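Trainee:
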Amino acid sequence: MDSVKSAKDRFRKYPALLLQCRESAAAYANCVLNKKDFKKDDCKNEFDQFKSCLMKAAAQHKTKL
268 MDSVKSAKDR
278 FRKYPALLLQ
288 CRESAAAYAN
298 CVLNKKDFKK
308 DDCKNEFDQF
318 KSCLMKAAAQ
328 HKTKL
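Using the numbering used here, count along the sequence shown one by one with no gaps and you end on 332.
(1) Might you give, ordered along the chain, the residues of its own chain that have their beta carbon closer than 7 Å to the beta carbon of A325, omitting 5 neighbours on each side?
(2) Select from D269, S291, S270 the residue whose C-alpha is nearest the C-alpha of M322.
(3) Does DSSP put C310 in a helix, in a strand, or in coil?
(4) Exposed or buried, which one is F305 when buried takes at least 16 other CB atoms within 10 Å?
(5) Leaving out five residues before and five after R277 in sequence, what residues of the same chain have Cβ atoms less than 6 Å from its Cβ?
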């Protein structure tokens, strides 16, 4: 069950990744929450920034998403 162990180890690092990307996460959340009629790509820029931040943070922590 090495795959389960590695998945659990990876999952334990997620709070650190989110903490590192809290500004872009908040910007994305605010964008989504402020839309009354949310449509595809309404917050694409904010999502792309959040995703980019998560990918960089994951690389720094030597993990993957």
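Cβ coordinates follow ideal geometry from the N, Cα and C atoms, glycine included. All values derive from a computational prediction rather than experimental measurement.
Mentor: In short, the structure shows the following:
(1) Numbered from its first residue, the sequence shown carries residue 325 at position 58. So the list reads L284, K331, L332, once near-sequence residues are dropped.
(2) Translated into positions along the sequence shown, residue 322 becomes position 55. Out of D269, S291, S270, S291 has the C-alpha closest to the C-alpha of M322.
(3) Residue numbering aside, residue 310 sits at position 43 when the sequence shown is read from its first letter. C310 falls in the coil class under three-state DSSP.
(4) On the sequence shown, position 38 is the one that residue 305 refers to. So F305 ends up on the exposed side.
(5) Here residue 277 refers to the residue found at position 10 of the sequence shown. For R277, where only same-chain residues beyond five positions count, the Cβ hits under 6 Å are T330.
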